[in-house]
Structure formats: structure tokens, C-alpha cells
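Asker: From first to last, the protein sequence lines are chains A and B. For the first sequence, my numbering begins at 8 and goes up steadily by one. For the second sequence, my numbering begins at 8 and goes up steadily by one. Can you keep this structure in mind? I'll have questions shortly.
There are 2 protein chains.
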Amino acid sequence: MSSEKVTLAHVARLAGVSIITVSRVLNNKGRFSEATRARVLQAANQLGYVANTAARSLRGHPTQILGMVIPELVSPYFAELARAAADAASQMGYDLAVFTTSRDPERERERVGALLGGLADGLIIVVPIGSAGFLASLERSRAPVVLVNHFGAPTHLPVVRADSFEGSLAAVRHLLALGHRRIGFITGAAHSSQATERLRAYRECMLAAGLWDERLVRPGDFTQQRGVEAGHELLSLEEPPTAIFAASDLTAFGVIAAAQARGLQVPQDLSVVGFDDIPTAAHSHPSLTTVAHPIQAMGQAMVDLIIKAKAGEQVRDVLVEFPSELIVRESSAPPRIPGEKV
Amino acid sequence: MSSEKVTLAHVARLAGVSIITVSRVLNNKGRFSEATRARVLQAANQLGYVANTAARSLRGHPTQILGMVIPELVSPYFAELARAAADAASQMGYDLAVFTTSRDPERERERVGALLGGLADGLIIVVPIGSAGFLASLERSRAPVVLVNHFGAPTHLPVVRADSFEGSLAAVRHLLALGHRRIGFITGAAHSSQATERLRAYRECMLAAGLWDERLVRPGDFTQQRGVEAGHELLSLEEPPTAIFAASDLTAFGVIAAAQARGLQVPQDLSVVGFDDIPTAAHSHPSLTTVAHPIQAMGQAMVDLIIKAKAGEQVRDVLVEFPSELIVRESSAPPRIPGEKV
DNA sequence: TGAGATAACGTTAGCGCAAACAATATCACC
DNA sequence: GGTGATATTGTTTGCGCTAACGTTATCTCA
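Below you can see the structure in the form of C-alpha cells.
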């Protein structure tokens, strides 16, 4: 029956009570008689009343919304991270609003400002790209903020992050233990510190084994398409690798596609290891050996930290670091002995 | 230097002007001298002022945020849809806040209420799951709302949707034209109207060709895992299909994995067709024959409609329907002639 | 020079809600 | 019947912001 916005006043008039009484009934706070309660609920229902979140927020009432800022939605890793955070938030009675930055520091800053300006009760920033000054101003604002996978400028803000180095080390050692000597690597996106860690582990491990060869490293960007290209590049080398470690699962799937397109079998002719353990990794053929982050636990940790910060607990300088774990599946196997037939 | 929240009053005091002058400068609205402007900006900067979105919204000022409610983030289809909407929104100077419902009508309703209660200027609801009554109350609220892929209860709200029937028809006809006679089908999630359409097309086509066999239809849920399982089920039949049409690309990839695990080659031994054209479809081996929705255009249409609605244009009963398109790639080929060797 | 125009800035009010405080109604019990 | 306790409902205020209107300073031009 109504149009436009219905306020407490409308409900109050219809129910024949005062505004505050309506507020009390709807928030189930304070005392009121059963009869009043029924009348108010009936009126609110009839008018289709919904509380104005902006007004509530302005009044200091929490919005029960947590904001999350991520670089992009389409990457399975970030999508999973968002899902994990949403699940954890939901359990704690919060909603999660996900925003993307498209890696634009200016937009990140604006969005963060808007979110903290009454829209959200707290903020999860994944891979913050802003300057150190920006982080410092966030610190000063005392807003409940958690940084995720932040490896950049030092900050006192709480950080949740997952290791990439140890897991990558395990992946390369796994390939070495299988007998591989020429192991290719496809990097992640240039600006990603996670990508840097993965490359560093590969490099250290290969150097230590005396197997380092610059030609075996190809630049990537976490995408499948780039995996196809870089896979072909590596497999076209005069001495092609017998194993390839890719900085993401999507890239690894690209490598497998490239290998198969060249008539190679995975893992018989080429071992492939990815990173991320996206859902597809377990259900492809061959299933993918990869390195996993404990994403569920990370989501939980993010939300826990935010809620602690909101409650006034001290979270300054808190760093929650999760390990990465090698998951061996079908895509990695010993190299074919040269000359051996199938 | 500040802590807690910085308001216009703080900036005004520091700059030695009135509150409204600060507001004018920061919004670049109204008149003020260059000197004042500089002083205000300097003060605002120094204090790290960010406007309180809730207060603005309460005052009737738009938030420049569009809300989007989707069932889940992890599905590539929805992720792409969200990306498309975010891109389109961004072009028009809006941000997109993405919420997930986890298919809970109660939460959907609450979230929608909260978003329209001052958080967002408009709302994109993907596959609305609420009741007809809920949609009716949304209509009455006159809020800028667009429904996406809504096939349910009739409504006067504007709808953006993509066909699933014609594209599925084309997919099955494609397989028939290649010479397949036993064509399996794996459905989408039970509650999805898109899934229903895809099944309906398959059924009509097979019935018309006199090839309908109930045993060739397996229930699915759009996931890859279920694709693996259902793929094995179909391939274990005494008369297994020579082609399988899956209601999603992920499911199709599951089928391919199952086939490969049984030593079958795709497409030589089994043709597989998916639906969605997720990015991976083009970069896998074999690349996937699939049906595509014009997701970019859909995102644009959603945002356009919201903005029109906000501007007061008449969008009642507007229906923007996009076609689906068969994309033939490598995963579909003529069936092997029985008895023929490779 | 002064009257009207215009530029620059300020005061007030109110968006919708809920906390703090206030008022009234009801009741128990001596 | 009166006192105080308790239950129920109401009034006022202000969160931070900006639209509308008001005020003062400055300028233009006969």
C-alpha cells in the first residue's frame, strides 16, 4: 500500500503509539506489553517497514556488515577467500560486503573511507596496495581493520597471512625427490608479494641443488591463458623441463593443456605442480599436485580479529601466519627414464 | 594525529571556517574563495577526514554504491556476472558491493532491506529466491531494483536475463548433427530455473528426434565433483552415451575427467558440451564446446537499468533478454564408428 | 558616491533512529 | 487509602551531514 520510504513515524501512527515504542518492539529492547507488541508488529508488517541502516549507523548502532576489499572477484583464490570470510562472518552474525579495487590505489582508498564512514563495522583488506602513508592513516583511525596477505610496508595493523615460501620449497623438493632435474617455473603476477615468495623458494632450492637455469623461469600472471603460453615456451626449449611448477593452479592447468596439445602425457612425460588448491584441482584428470593455503582458517581468523578489534581488544601488531601445505596428487610423478618406451 | 572519527566540525575548527563551508569545498559545490579552499583542503588532509557515508545517505545524498546480491561467489558464472556488473558500475561512477545469500530467502530479504535502507543507491538481485510477496513489496518500495535471470513469479520489476533454452537446443542439435544418437545430460541444481530450461531443451530435442531415454539424464548441481560422479554413472551404462551435455562447464570438466580416468579420449570416444563459457573453457585441452551468455552486455544492462530507474525513468515491466550462443570448440566431434580402430 | 548586484560565507533545520531522561499507569501491601 | 515499587509508554536530543535560506563583504557602474 505504501510507496516511498516507511519510517518509524509511519508505523507509530498506524499502531497508535510513539516512535520509540515501535523502535523498542522492533529491536526487542526494553519493556512493552504483549498487546502493544502485536499492534506494532502488525502495523510494521502492513507497511512493509525496514529499518534505515544509515540512520542506525549514524546513531552509533552497528550495521552488522563487514567490508572486504579484494583485487578481483574472478580469481578462484580470491573468490574462495571471500567465501571463507563470508562464512565466518555469517556465523558471527555479520554480513560481508565485497568490493573490488581493480588494483587502483585511489579507488582502494576511497572505498575504504566510505566503508568506514558508517557503512561497515569493520574492514578486511586483501593484499593492500595503498602506500605506507595510507596504512598509517588507517592505523590512526582506530577502525577495526585487518590486512590479509600483506607483505609490504611495516604496519601495526593486525595481519592475517599465509606462507608461500615453505610450501613452494616443499613443492620443488618433492619434484627433486621424484628425480626431476630440469624443473621449470612460471611466476605469478609481477606486483604480487606471494608470487615473489614462490619464485624465491624455487630459486633458492634450485640454486642449492646446483640446477638453477634462468631459461627455465617464465613470467606469468596467475592466469590459465598465460600458463598455456608459458608452457609452450618451456616445452619448446632445446632441453625442455621434465617438470613445471606454476605459481597458480590456473596457470598449472594451462601448462597441462599445452602439454596435452603437444601430445605429452601428464604426469608420464611432464610433471606439473600448481599453487592454491582451487576446487577444480581435486576433480580434474589428472588431479593436480599443488600447494594449499588453509583458507577456511584464514577467513575465520580475519573475522575473529575484526570482532576482537571492535570489542576493544588489543590487536596492534598481531600477526596470524598460516602455513602452506603440499598436496600430492596425480600430476606429479618420476620423470620418464630417457630412452624408455611406454 | 587524530584518533576516533573526524567530522566536518573538526575540519571547520582547524580551518577557521564554518561547517557548511567545509562541506561546500569538499563537495565542490557552491561558491568559495581559492584561499578558503586551500585552507579547508589542508585541514581536511591533516586530520585525515573522510565523509561519513551514513550521514550523507540519511540526508538524501546518494552513496554511489550499487548493491548486488548473488547466491554465491565461488561459482565462476556468478563471479563473472559480478565482475561484469562491477565494471559497468565503475564506468558510471558507481561502486559495487557484492553480497551472498547462501540461498537463504530470509537473509536475502534482510540484506535487501538493509541495502535499500540507505546503504546503496540501487540493487541488483541475481536469481531472486524470495517469494512473490517479497517481490511485490520491492515493487511498492519504488527502490531502484533490477532482477537478473529471474524466471519465477511474475513481477513488474525490470528484469535482465539470458536465454538458456535456445542455446541448449543448439547444443543438442549440434551433437545430433555430428551423428550422436545416445546423448547424456547432467542437470543443474534442482532449484535453478536456468537448469530447468536447459533440461527442457534437451528433452524436447531428444523427444523430437525419437531418442529420449530417461536413463541418460542424471541429476547434477553445477559442480565439477558432481560432473565426475554423474559422468562415471553415465559411462557405466550398458549402452553408454557417445556424447554428454552438461548444464555447466564445471560439470562438463568433471565429465571429461571421469572419461579420461576411464581411458576414454575426448572428443574421439566421448563428446562433451558444457554451458557458461567460463574462462577456463577456452584454455583447457581439449577446449570446451559450450553455450555462452553475453555476460558483459548483461552487466551493462543491469547497471543501465538501475541508473535509469534512479533517474525516474519508467522501467516498470522492462525485460531485457539476451540470447545464448553455442561456441563450438574441440570437445565435440563425430562419434567413433562402432568397431573402428584408431 | 551609493545603490543594486554578486560573491563569499554562516545559521538553522531536519533526514531516521535510539539513548537518556521523564512521565504516567498499575499494582502490592500495610 | 496511601506509599513506593514496577511496568509501560512518551519527549527530547543529537549522531554528521547538507539544502534552504540569511547575512555580510566586495564589486560595478551611472
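Just so it is clear, CB atoms sit at the ideal spot from N, CA and C, and this is done for glycine as well. As the structure is a computational prediction, the values presented were derived from the model and not from experiment.
(1) How many Å lie between B/Leu80 and A/Leu80 at the Cα?
(2) Could you have a look at B/Val81 and say whether DSSP puts it in helix, strand or coil?
(3) With distances taken from CA atoms, which of B/Leu333, B/Thr14, B/Val57, B/Gln231 is nearest B/Ala178?
(4) Ordered along the chain, which non-local residues of its own chain (more than five positions away) have a Cβ less than 7 Å from that of A/Ala160?
(5) Under 8 Å, Cβ to Cβ, is there at least one residue of chain A near B/Val335?
(6) I need the boundaries of the alpha helix (DSSP H) containing B/Ala197, first residue and last residue.
(7) Do B/Val13 and B/Leu54 have their beta-carbon atoms positioned less than 8 Å apart in this structure?
(8) Check whether the stretch 169-186 of chain B and the stretch 322-338 of chain B are in contact - that is, three or more C-beta pairs closer than 8 Å.
(9) Here's the rule: buried if 16 or more other CB atoms are within 10 angstroms of the residue's CB, otherwise exposed. What is A/Asn156?
(10) Assuming B/Gln231 and B/Thr194 are in contact, meaning their beta carbons sit under 8 Å apart, how far apart are those beta carbons, in whole angstroms?
(11) Short of 7 Å Cβ to Cβ, which residues in the stretch 284-298 of chain B face chain A?
(12) Please confirm whether A/Asp102 has its beta-carbon closer than 8 Å to some beta-carbon of chain B.
(13) Please compile the residues from chain A whose C-beta is within a distance smaller than 9 Å of the C-beta of B/Arg90.
(14) With a cut-off of 8 Å, do at least 3 Cβ pairs link the stretch 57-75 of chain B to the stretch 117-132 of chain A?
(15) Among B/His300, B/Thr296, B/Lys315, whose alpha-carbon lies nearest the alpha-carbon of B/Ala340?
(16) Measuring only between beta-carbons, confirm whether A/Ser64 sits less than 8 Å from chain B.
(17) Should B/Ile136 be labelled buried (16 or more other beta-carbon atoms within 10 Å of its own) or exposed?
(18) In the stretch 222-244 of chain A, which residues sit with their C-beta less than 7 Å from some C-beta in chain B, listed in chain order?
(19) How about B/Ala93: is its C-beta nearer than 8 Å to some C-beta of chain A?
(20) Give the residues of chain B in contact with A/Thr60, contact being defined as C-beta atoms less than 7 Å apart.
(21) Does DSSP put B/Arg310 in a helix, a strand or coil?
(22) Please return the same chain residues whose Cβ sits closer than 7 Å to the Cβ of A/Ile314, not counting the five positions on each side in sequence.
(23) With 8 Å as the threshold, decide whether the Cβ of A/Val57 is near any Cβ in chain B.
(24) Are the CB atoms of B/Ala288 and B/Gly281 nearer to each other than 8 Å?
(25) So which of B/Gly129, B/Asn34, B/Asp276 has the shortest CA-CA distance to B/Leu103?
(26) Beta-carbon within less than 7 Å of B/Glu146's beta-carbon, same chain only, minus the 5 sequence neighbours each way: which residues are those?
(27) Let's see if you can read the secondary structure: which residues bound the alpha helix (DSSP H) around A/Val32?
(28) Which class does A/Val335 belong to by DSSP, given the choice of helix, strand or coil?
(29) For A/Gly129, would you say it is in contact with chain B, using Cβ-to-Cβ distances shorter than 8 Å as the test?
(30) Among A/Trp219, A/Ser148, A/Ala253, A/Gly234, which one has its Cα closest to the Cα of A/Phe192?
(31) When we look at the beta-carbon of B/Ala22 and count the other beta-carbons within 10 Å, is it buried (16 or more) or exposed?
(32) Could you name the residues of chain A that B/Glu87 contacts, counting a contact when the two beta carbons are closer than 7 Å?
(33) Looking at the ligand MG, does it come within less than 7 Å of A/His163, judged from the CB to the closest heavy atom?
Answerer: Reading off the structure:
(1) As a first step, residue 80 of chain B is located in the second sequence; it is residue number 73 there, counting from the start. As a first step, residue 80 of chain A is located in the first sequence; it is residue number 73 there, counting from the start. In a straight line, the C-alpha of B/Leu80 is about 8 Å away from that of A/Leu80.
(2) One-based indexing of the second sequence puts residue 81 of chain B at position 74. When DSSP states are grouped into helix, strand and coil, B/Val81 belongs to the coil group.
(3) Sequence index remark: in the second sequence, residue 178 of chain B carries index 171 (1-based). Put simply, of B/Leu333, B/Thr14, B/Val57, B/Gln231 the residue whose alpha carbon is nearest the alpha carbon of B/Ala178 is B/Leu333.
(4) Mapped onto the first sequence, residue 160 of chain A falls at position 153. The beta carbon of A/Ala160 sits closer than 7 Å to the beta carbons of Ala139, Leu142 from its chain, once the five residues preceding and following it are set aside; these are given in chain order.
(5) Numbered from its first residue, the second sequence carries residue 335 of chain B at position 328. When Cβ-Cβ separations below 8 Å define contact, B/Val335 makes no contact with chain A.
(6) Looking up residue 197 of chain B in the second sequence gives position 190. B/Ala197 -> no alpha helix (DSSP H), and no H or E assigned at all.
(7) Residue 54 of chain B sits at position 47 when you count from the first residue of the second sequence. Residue 13 of chain B sits at position 6 when you count from the first residue of the second sequence. Result yes, Cβ atoms of B/Leu54 and B/Val13 sit closer than 8 Å.
(8) Here the stretch 169-186 of chain B makes contact with the stretch 322-338 of chain B; the two share three or more CB pairs at distances below 8 Å.
(9) Translated into the one-based positions of the first sequence, residue 156 of chain A becomes position 149. Looking at its Cβ environment, which holds 16 or more other Cβ atoms inside 10 Å, A/Asn156 is buried.
(10) As a working mapping, residue 231 of chain B is identified with position 224 in the second sequence. As a working mapping, residue 194 of chain B is identified with position 187 in the second sequence. Rounded, the Cβ-Cβ distance is 15 Å, inconsistent with contact.
(11) Interface annotation for the stretch 284-298 of chain B against chain A: Pro286, Thr287, His290, Ser291, His292, criterion Cβ-Cβ distance under 7 Å.
(12) Within the first sequence, numbered from 1, the residue matching residue 102 of chain A stands at position 95. Closer than 8 Å to some Cβ of chain B, the Cβ of A/Asp102 qualifies, so yes.
(13) In the second sequence, residue 90 of chain B corresponds to position 83, counting from 1. Below the 9 Å Cβ cutoff, chain A contributes Glu79, Leu80, Val81, Thr107 as neighbours of B/Arg90, in chain order.
(14) Yes, the stretch 57-75 of chain B touches the stretch 117-132 of chain A.
(15) If you number the second sequence from 1, residue 340 of chain B lands on position 333. Checked all of B/His300, B/Thr296, B/Lys315; the closest Cα to B/Ala340 is B/Thr296.
(16) Here the question's residue 64 of chain A lines up with position 57 in the first sequence. So, interface residue.
(17) As a position in the second sequence, residue 136 of chain B is number 129, starting the count at 1. In this structure B/Ile136 is buried. Its beta-carbon is surrounded by 16 or more other beta-carbon atoms within 10 angstroms.
(18) Against chain B - using a Cβ distance shorter than 7 Å - the residues of the stretch 222-244 of chain A are Gln231, Gln232, Val235.
(19) The residue given as residue 93 of chain B occupies position 86 in the second sequence. Taking Cβ atoms only, chain A reaches closer than 8 Å to B/Ala93, which makes this a yes.
(20) Translated into the one-based positions of the first sequence, residue 60 of chain A becomes position 53. In chain order: Ala121, Gly124, Gly125, Leu126.
(21) For the purposes of this step, residue 310 of chain B is taken as residue 303 along the second sequence, with counting starting at 1. Note that residue 310 of chain B is Val in the sequence shown here, rather than Arg. Reduced to three states, the DSSP call for B/Val310 is helix.
(22) By one-based count along the first sequence, residue 314 of chain A stands at place 307. Excluding five sequence positions before and after A/Ile314, the CB atoms of its chain that fall closer than 7 Å to its own CB belong to Met99, given in chain order.
(23) Taking the first residue of the first sequence as position 1, residue 57 of chain A is located at position 50. Contacts with chain B at 8 Å (Cβ-Cβ) include A/Val57.
(24) What you label residue 288 of chain B is simply residue 281 of the second sequence in a count that begins at 1. What you label residue 281 of chain B is simply residue 274 of the second sequence in a count that begins at 1. Yes, Cβ-Cβ distance for B/Ala288 and B/Gly281 is below 8 Å.
(25) For the purposes of this step, residue 103 of chain B is identified with residue 96 of the second sequence, where counting begins at 1. When each option's Cα is compared against that of B/Leu103, the closest is B/Gly129.
(26) On the second sequence, residue 146 of chain B is found 139 positions in, with the first residue counted as 1. Short of 7 Å from the beta carbon of B/Glu146, and not among the five residues preceding or following it, lie these beta carbons of its own chain, in chain order: Thr162, His163, Leu164.
(27) Taking the first sequence and counting its residues from 1, one reaches residue 32 of chain A at position 25. Boundaries of the alpha helix (DSSP H) around A/Val32: 26-34.
(28) One-based indexing of the first sequence puts residue 335 of chain A at position 328. Coil, per DSSP.
(29) Position 122 of the first sequence, counted from the start, is the residue given in the question as residue 129 of chain A. No, A/Gly129 does not count as interfacial toward chain B.
(30) Residue mapping note: residue 192 of chain A aligns to position 185 of the first sequence, counting from 1. Looking at the Cα atoms, A/Ala253 is the closest of the given residues.
(31) Start at 1 with the first residue of the second sequence, and residue 22 of chain B comes out as number 15. Around the CB of B/Ala22, 16 or more other CB atoms lie within 10 Å, so the residue is classed as buried.
(32) On the second sequence, position 80 is the one that residue 87 of chain B refers to. For B/Glu87, the chain A residues whose C-beta falls within less than 7 Å of its own C-beta are Val81, listed in chain order.
(33) Within the structure as shown, the ligand MG is missing, as the structure has no ligands at all.
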